[in-house]
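Numbering (our numbering), first residue to last: 3 to 117.
Ideal Cβ positions, reconstructed from N, Cα and C, are used throughout, including at glycine.
Keep in mind it's a predicted model, so treat the numbers as computed, not measured.
Only one structure is covered here, and it is reproduced in the block below.
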C-alpha cells in the first residue's frame, strides 16, 4: 500500500505565495516521476509541473517562472512552490507519483486565489 498525503493548500490573495507538499509513505520503491496536476471547476485535470529522478523538470506554460517543483528523495516528498499566484490558479491540486510504471494519486488539496 502506498499513501500520498498533500498539505499546504489554502486561501491566498492574488500575488501571494503558497508551498504545497506531498509525502509518499508505505511500500515505496524507486519513485521515478513525481508531479503536480490541478483541476479547476468545469475543466479537465492538467499537468502543472513534473520532476523525474534525475532532477529534470517540466512545467505548464501558464506557470513557468512562477512555480518551482522540487523533491527530497530521502523523504519521498515532492514540493511545489507557487509564487505570484493568480485567480486562474484556483483549483484542486493533486500530487502524482509513478513507481514501477504505476501512477498513484493523492486526494487533492484546494488552492483558492482571491481577494
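From residue i to residue j, what does the alpha carbon distance come to, in whole angstroms?
| i | j | result |
| --- | --- | --- |
| residue 91 | residue 70 | 14 Å |
| residue 84 | residue 25 | 17 Å |
| residue 117 | residue 80 | 28 Å |
| residue 16 | residue 113 | 12 Å |
| residue 100 | residue 6 | 12 Å |
| residue 75 | residue 33 | 8 Å |
| residue 51 | residue 3 | 25 Å |
Beta strand (DSSP E) containing residue i: first to last residue?
| i | result |
| --- | --- |
| residue 53 | 48 to 53 |
| residue 23 | 20 to 28 |
| residue 37 | 33 to 41 |
| residue 60 | 59 to 61 |
Drop a sphere of 10 angstroms on the beta-carbon of residue i, count the other beta-carbons inside from all chains shown, and report buried for 16 or more, exposed for fewer.
| i | result |
| --- | --- |
| residue 44 | exposed |
Could you tell me how far apart the beta carbons of residue i and residue j are, in whole angstroms, since I believe they sit closer than 8 Å?
| i | j | result |
| --- | --- | --- |
| residue 22 | residue 95 | 6 Å |
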